[in-house]
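In our numbering, the protein residues as written are 148 to 479.
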Ligand SMILES: [Fe+2]
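Encoded structure:
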């Protein structure tokens, strides 16, 4: 086994589920079921499980104080590939724990392997998701999943090279492109987009150029889900607004994956980007490009008043400076 651990794993890993921890379970139910229109599969005092396709669980919301995404589950296509990844972790002496039983059942898998990833985000690996025979009851017509997975996550980091290396070294991620976005106060934000399969990116890593600041409290800045139609996008946008959820960025389009999307602030404070019509990468002719702006059009903040922006920038700056005081976790 060990002699082939460096065979290419590109295309064999996909984002499979996310675990959210929050004390605001009632708001999360309103947001995910009535706002984004997901299927609520199970609901208790401490746990909610949501579906968007045949998988038994795609989003797990657990009662707890983090107000953050705690874990991303990655589905691996077969045991052989999973063993290669585990061997790579072992080669780097990283601590990986195997979980079965109730924790696995809640995630809709028989077992999973867990380690602490960049910025302390849980990384869980599994083969074979459990499926449900129950018909979906959703306000959206469908979500795009399949072999490219359920969406992507974006994180801010003060160690962007290490985060990028983590996904490249263990999952054979490829660089899709980069965006360089000028921010308030002359700060430049560099964002690298990494793909694990044909989805343009499964992970995006944002970092301030020069002095590394991380103004984001949560491990994940946003998580993306992709809907099946433009009606789904516009109807979800309207429903979220009608329910009173604030848009971090209204509908717009990114220059690299060409996805139309909006960013809504979740009850826990991080954002969910709901998107439609992102391109799939053709490996035969793809060359990584650099783009000078994050959006071709739109993505305007809902609160665009000068006072709001000044306050936001001041708040972000103060949290950014505070972030210099404590080191960011990196497993490698
Ligand atoms: Fe995104």
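All C-beta atoms in this analysis are idealised placements derived from N, C-alpha and C, irrespective of residue type, glycine included.
Quiz prompt | Segment limits, beta strand (DSSP E) that includes residue 331 | solution = No beta strand (DSSP E) holds residue 331; DSSP gives it neither H nor E.
Quiz item: Which stretch, first to last residue, makes up the beta strand (DSSP E) that contains residue 217?
Solution: Where residue 217 is concerned, the enclosing beta strand (DSSP E) stretches over 215–223.
Practice problem: Report yes if the C-beta of residue 371 is less than 8 angstroms from at least one heavy atom of ligand 1; otherwise report no. | Solution: At least one heavy atom of ligand 1 is nearer than 8 angstroms to the Cβ of residue 371, so yes.
Practice problem: Can you give me the start and stop residues for the alpha helix (DSSP H) that residue 314 sits inside? | Solution: Start and end: 307–318.
Self-check item: Three-way DSSP call (helix, strand, coil) for residue 398 in this model
Solution: DSSP places residue 398 in strand when its eight states are reduced to three.
Quiz prompt | Neighbourhood of residue 477 by C-beta distance below 7 angstroms, restricted to the same chain and skipping five residues each side | solution = Beyond the five residues adjoining it in sequence on each side, residue 477 comes within less than 7 angstroms, by CB distance, of 265, 306, 309 in the same chain, given in chain order.
Quiz item: Can you name the start and end residues of the beta strand (DSSP E) that residue 347 belongs to?
Solution: First-last for residue 347: undefined, no H or E at that position.
Quiz item: Taking the alpha-carbon positions, what's the residue 321 to residue 255 distance?
Solution: Approximately 28 angstroms, taken between the alpha carbons.
Quiz item: If we count the other Cβ atoms within 10 Å of its Cβ and call it buried at 16 or more, is residue 468 buried or exposed?
Solution: Exposed.
Exercise. Run the CB neighbour count on residue 245, radius 10 Å, all protein chains shown included, and call it buried at 16 or more, exposed below.
Key: Sixteen is the threshold: since fewer than 16 other Cβ atoms of the shown chains lie within 10 Å of the Cβ of residue 245, the residue is exposed.
Quiz item: If we count the other Cβ atoms within 10 Å of its Cβ and call it buried at 16 or more, is residue 239 buried or exposed?
Solution: When all chains shown are included, residue 239 counts as exposed.
Self-check item: Beta carbon of residue 231 nearer than 9 angstroms to that of residue 324
Solution: Using a Cβ distance threshold of 9 angstroms, residue 231 and residue 324 do not count as a contacting pair.
Exercise. Count the other CB atoms, across all protein chains shown, that sit within 10 Å of the CB of residue 185; report buried if there are 16 or more and exposed otherwise.
Key: Residue 185 should be labelled buried.
Exercise. Tell me, please, whether the stretch 196–208 touches the stretch 175–185 by the rule of three or more beta-carbon pairs shorter than 8 angstroms.
Key: Taking 8 angstroms as the limit for Cβ pairs, the verdict is that the stretch 175–185 does touch the stretch 196–208.
Self-check item: Continuous alpha helix (DSSP H) stretch holding residue 175: start and end
Solution: It spans 172–176 - the alpha helix (DSSP H) in which residue 175 sits, taken as one unbroken run.
Quiz prompt | Candidates 180, 169, 213, of which the one nearest residue 192 by Cα | solution = The residue with the shortest Cα to Cα distance from residue 192 is 169.
Exercise. Kindly indicate which residue of 176, 440, 174, 342 has the alpha-carbon position closest to the one of residue 317.
Key: Residue 342 is the option with its Cα nearest to residue 317.
Exercise. Hey, could you find the ends of the beta strand (DSSP E) residue 298 is sitting in?
Key: Membership of residue 298 in the beta strand (DSSP E) is indicated by the continuous run 298–303.
Exercise. Would you list the one or two residues that DSSP bridges to residue 412?
Key: Its beta-bridge partners are 418.
Quiz item: Quick one: what's got a C-beta closer than 8 angstroms to residue 335's C-beta in the same chain, skipping five residues either side?
Solution: The answer, listed in chain order, is 327, 328, 329, 355, 356, 357.
Quiz item: Using CA coordinates, which residue listed in 429, 432, 399 is at the minimum distance from residue 422?
Solution: Distances from the alpha-carbon of residue 422 to those of 429, 432, 399 put 399 closest.
Quiz item: In this structure, does DSSP put residue 351 in helix, strand or coil?
Solution: Residue state, collapsed to three classes: strand.
Exercise. Less than 8 angstroms between the CB atoms is what I'm expecting for residue 420 and residue 369, so what's the real figure, rounded?
Key: Rounded to whole angstroms, the Cβ separation of residue 420 and residue 369 is 5 angstroms, and the two are in contact under 8 angstroms.
Quiz item: What did DSSP end up calling residue 203 once you bin it into helix, strand or coil?
Solution: Note: residue 203 maps to coil in three-state DSSP.
Quiz item: Under 9 angstroms between the Cβ atoms of residue 302 and residue 352?
Solution: Note that the C-beta distance between residue 302 and residue 352 is below 9 angstroms.
Quiz item: Which term fits residue 436, buried or exposed, when burial requires 16 or more other beta carbons within 10 angstroms of its beta carbon?
Solution: Residue 436 is exposed by the Cβ-count criterion.
Quiz item: In this structure, what does DSSP give as the bridge partners for residue 268?
Solution: According to DSSP, residue pairing for residue 268 in a beta bridge does not occur.
Self-check item: Secondary structure of residue 375, DSSP reduced to three states
Solution: In the structure shown, residue 375 sits in coil (DSSP, three-state: anything other than H, G, I, E or B).
Quiz item: Span of the alpha helix (DSSP H) holding residue 236?
Solution: First-last of the alpha helix (DSSP H) with residue 236: 226–238.
Quiz prompt | Backbone secondary structure at residue 467 - three-state DSSP | solution = Reduced to three states, the DSSP call for residue 467 is helix.
Exercise. Quick one: grab the DSSP three-state call for residue 189.
Key: In this structure, residue 189 counts as strand in the three-state DSSP scheme.
Quiz item: So which of 379, 333, 198, 224 has the shortest CA-CA distance to residue 288?
Solution: Closest by alpha carbon: 379.
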